[in-house]
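Numbering (the working numbering), first residue to last: 636 to 725.
Where a beta carbon is used, it is the ideal one built from N, C-alpha and C, also for glycine.
To start, the structure under review is shown below, and the notes come after it.
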């Protein structure tokens with residue numbers, strides 16, 4: 636059960652970062668999501684958008700801690716670290 640909770644937490648972190656990036660593109664640009672991502676990628680700012688999307692992970696982390704889901708919260712931290720490594724190469 637321990638590994639599953641870590642995996643679920645990491646998947647939650649990736650999903651939250653994707654939702655955060657979607658919200659960023661939808662709110663702060665006048666383009667559709669795919670078109671906005673293509674423009675942001677051509678400008679070389681895709682890693683920054685992914686990082687801004689990962690800000691939601693902070694709220695999810697504290698929400699999981701409040702609900703006594705420590706292993707899932709640890710998975711969210713693991714997912715955030717993996718996102719950080721990914722954005723270094725994007």
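- Task: Would you give the residue range spanned by the alpha helix (DSSP H) that residue 705 belongs to?
- Result: Here the alpha helix (DSSP H) through residue 705 covers 705-724.
- Taking 8 Å as the threshold, find out whether the segment 647-664 comes into contact with the segment 676-686 through three or more Cβ pairs. In this structure the segment 647-664 touches the segment 676-686; the number of beta carbon pairs closer than 8 Å is three or more.
- Message: I'd like the list of long-range same chain contacts for residue 644, defined as Cβ closer than 6 Å, with 5 residues on each side in sequence excluded.
- Response: Contacts found: 707, 710, 711.
- What is the rounded straight-line gap between the Cα of residue 672 and the Cα of residue 695? Looking at the backbone, the Cα of residue 672 and that of residue 695 are separated by about 24 Å.
- Could you have a look at residue 692 and say whether DSSP puts it in helix, strand or coil? Residue 692: helix per DSSP, three-state reduction.
- Task: Tell whether a beta-carbon distance below 7 Å holds between residue 722 and residue 692.
- Result: Contact flag unset, no.
- Message: If you reduce the DSSP assignment to three classes, tell me which class residue 648 lands in.
- Response: Residue 648 falls in the helix class under three-state DSSP.
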